[in-house]
Amino acid sequence: MTTFMKFGGSVITNKRGQESPDLSVMRQLAQELSAAVLAQPELALVLGHGSGSFGHTYAARYGIHQGLAATDDWRGLAWTAAAVLRLNRLVVDTLVQAE
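Number 139 marks the last residue of the sequence shown (this note's numbering); no jumps.
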């Protein structure tokens with residue numbers, strides 16, 4: 041059986057700032073996940089994460105949450121996607137460093 045786990049965006053980021061990661065929470069979650077995998081090597085996990093203060097800030101600014109309608113919307117989508125990729129890089133780096 042494969043289990044899907046999601047690190048919620050509001051858990052791994054600080055909503056008060058734009059692109060504000062909560063690195064201590066990320067490290068804690070990564071260490072707990074690492075310990076679980078070490079204790080149960082057969083554990084099959086798929087990990088996802090929300091976008092928190094990285095994606096929602098741009099999505100709200102450009103109205104992405106309402107869909108894409110105008111040509112200018114694609115610029116907002118690009119800004120949103122780029123921010124979420126930066127968060128993803130932080131999550132992956134934190135997971136790689138977990139013991």
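Heads up, the beta-carbon is just placed ideally off N, CA and C, and yes, glycines get one too. This structure is a prediction, so every number in the text was calculated from the model and none was measured.
Give the range of the alpha helix (DSSP H) segment to which residue i is assigned.
i, result
"A118", "113-137"
"L78", "63-79"
Could you tell me which residues DSSP pairs with residue i in its beta bridges?
i, result
"A84", "T42"
"H89", "F47"
"T97", "According to DSSP, T97 bridges with nothing at all."
Considering only the alpha carbon of each residue, which of the options lies closest to residue i?
i, options, result
"S64", "R101, L117, I52", "I52"
"V131", "T43, L87, R101", "L87"
"L83", "S74, D62, G90, H89", "S74"
"M45", "V77, S93, E59", "V77"
"G90", "T134, S50, R126, R115", "S50"
"G116", "A109, D62, Y102, R67", "Y102"
When burial is assigned at 16 or more other CB atoms within 10 Å of the CB, is residue i buried or exposed?
i, result
"V136", "exposed"
"H41", "It is worth fixing the name first, because residue 41 is Met in this sequence and not His. Under this definition M41 is an exposed residue."
"V124", "buried"
"P81", "exposed"
Among residues of its own chain, excluding the 5 on either side of residue i, which ones have a beta-carbon nearer than 8 Å to its beta-carbon?
i, result
"Q71", "A138, E139"
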